[in-house]
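Visitor: Numbering of the sequence shown is given in UniProt numbering, commencing with residue 1 and proceeding in unit increments. We treat Cβ as the ideally placed atom computed from N, Cα and C, and that holds for glycine.
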Amino acid sequence: MLTRIAAKRYKELGLENACSKYIAEHLTVDNLCPLLDCLNTRDIGLIDKPAIAMLKNSGASVLRSDTFVDSLETTMHVILDVVAGVPENLVVDALRRWAEKKCEKDLYADGTALQLKTVMQPFLPQLRLLALTADEYVNGIGSWDILSDSENYAILENIVAPGSVLLPSWVNTDNTARSQFQRHYRAIP
Numbered sequence: 001m002l003t004r005i006a007a008k009r010y011k012e013l014g015l016e017n018a019c020s021k022y023i024a025e026h027l028t029v030d031n032l033c034p035l036l037d038c039l040n041t042r043d044i045g046l047i048d049k050p051a052i053a054m055l056k057n058s059g060a061s062v063l064r065s066d067t068f069v070d071s072l073e074t075t076m077h078v079i080l081d082v083v084a085g086v087p088e089n090l091v092v093d094a095l096r097r098w099a100e101k102k103c104e105k106d107l108y109a110d111g112t113a114l115q116l117k118t119v120m121q122p123f124l125p126q127l128r129l130l131a132l133t134a135d136e137y138v139n140g141i142g143s144w145d146i147l148s149d150s151e152n153y154a155i156l157e158n159i160v161a162p163g164s165v166l167l168p169s170w171v172n173t174d175n176t177a178r179s180q181f182q183r184h185y186r187a188i189p
């Protein structure tokens, strides 16, 4: 990856193309997250098309991969923006696993451990909480003490009766299940 970045910078088109081909041929669910970490960008246009295709076609495998929980925050944003073909509760549970791992290894400046709520907060607007069932919400994110009671009530009320209560401004109103996108995404070179 770094070789390709250097080749692009110094306008070595042949080397850049060879690196892109190598990446496409050797991309797996286990090395996708490290690749995205290396790119360190939220700009989807800068990410290799085979990586985007893998997130759309093999999302569940990526979310369950061993390397997922060690991903950078920028990688997590990309995954949440792109992943498809998976139930939303799998996405929410994967984000929690990632956040718990981050809480284990990172500390505040005063040496205290990060809190799950603090780590998950920047990613909540990317979750399609309204695509969860009431049961998935109540037994999942609604029980993790990361949202206020009024936020939990408003979200749950809108899952049960859409549009019945004003949602918090940060809530993603897309209630389309990511798992509905079953058409395979094909990367066109």
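Give every residue of the same chain whose Cβ lies closer than 7 Å to the Cβ of R42, excluding the five residues on either side of it in the sequence, and list them in chain order.
Guide: Your numbering for residue 42 matches position 42 in the sequence shown. Excluding residues within five positions, the ones whose Cβ falls inside 7 Å are T74, H77, V78.
Visitor: Just reading off the alpha helix (DSSP H) that A60 is part of, what are its end residues?
Guide: As a first step, residue 60 must be located in the sequence shown, where it is residue number 60. Start and end: 59-64.
Visitor: Give me the Cα-Cα distance between residue 232 and G140, rounded to the nearest whole angstrom.
Guide: It is not possible to answer for residue 232, since the shown part of the chain is limited to 1 through 189.
Visitor: Going by DSSP, name the residue or residues bridged to L107.
Guide: Residue numbering aside, residue 107 sits at position 107 when the sequence shown is read from its first letter. Partner(s): A113.
Visitor: What three-state label does DSSP hand I47 in the structure shown?
Guide: As a position in the sequence shown, residue 47 is number 47, starting the count at 1. I47: coil per DSSP, three-state reduction.
Visitor: Quick one, which of T112, T28, S58 has its alpha-carbon nearest S179's?
Guide: Locating residue 179 in the sequence shown gives position 179, counting from the first residue. If we check each option's Cα against that of S179, S58 comes out closest.
Visitor: Between which two residues does the alpha helix (DSSP H) holding P34 run?
Guide: Residue numbering aside, residue 34 sits at position 34 when the sequence shown is read from its first letter. Unbroken alpha helix (DSSP H) run through P34: 29-39.
Visitor: Looking only at its own chain, which residues have a Cβ that is under 8 Å from the Cβ of Q126, when we skip the five neighbours before and after it?
Guide: As a working mapping, residue 126 is identified with position 126 in the sequence shown. So the qualifying residues of the chain are H77, L80, D81, N172.
Visitor: Could you pull out every unbroken alpha helix (DSSP H) segment of at least 4 residues lying fully inside the region 74-98, listed in chain order?
Guide: With a minimum length of 4 residues, no continuous alpha helix (DSSP H) run stays inside the region 74-98.
Visitor: Relative to the C-alpha of P50, which candidate in H26, A109, L63 has its C-alpha closest?
Guide: Translated into the one-based positions of the sequence shown, residue 50 becomes position 50. Comparing Cα positions, the closest option is H26.
Visitor: Going by Cα to Cα distance, which pick from S150, Y137, N89, L129 is closest to N175?
Guide: Here the question's residue 175 lines up with position 175 in the sequence shown. For the residues S150, Y137, N89, L129, the minimum Cα distance to N175 belongs to L129.
Visitor: Going by DSSP, what residue range makes up the alpha helix (DSSP H) through residue 193?
Guide: With the chain running from 1 to 189 in the structure shown, residue 193 is simply not present.
Visitor: Compute the beta-carbon to beta-carbon distance between residue 195 and A60, rounded to the nearest angstrom, for a pair I have assumed lies under 8 Å.
Guide: Because the chain here runs from 1 to 189, residue 195 falls outside it and cannot be looked at.
Visitor: Given this structure, state the Cα-to-Cα distance separating Y108 from L72, to the nearest angstrom.
Guide: What you label residue 108 is simply residue 108 of the sequence shown in a count that begins at 1. What you label residue 72 is simply residue 72 of the sequence shown in a count that begins at 1. Whole-angstrom Cα-Cα distance: 17 Å.
Visitor: If you check the beta carbons only, do F68 and C33 fall under 7 Å apart?
Guide: Stepping through the sequence shown from its first residue, residue 68 is reached at position 68. Stepping through the sequence shown from its first residue, residue 33 is reached at position 33. Against a cut-off of 7 Å, the Cβ pair of C33 and F68 comes out as a contact.
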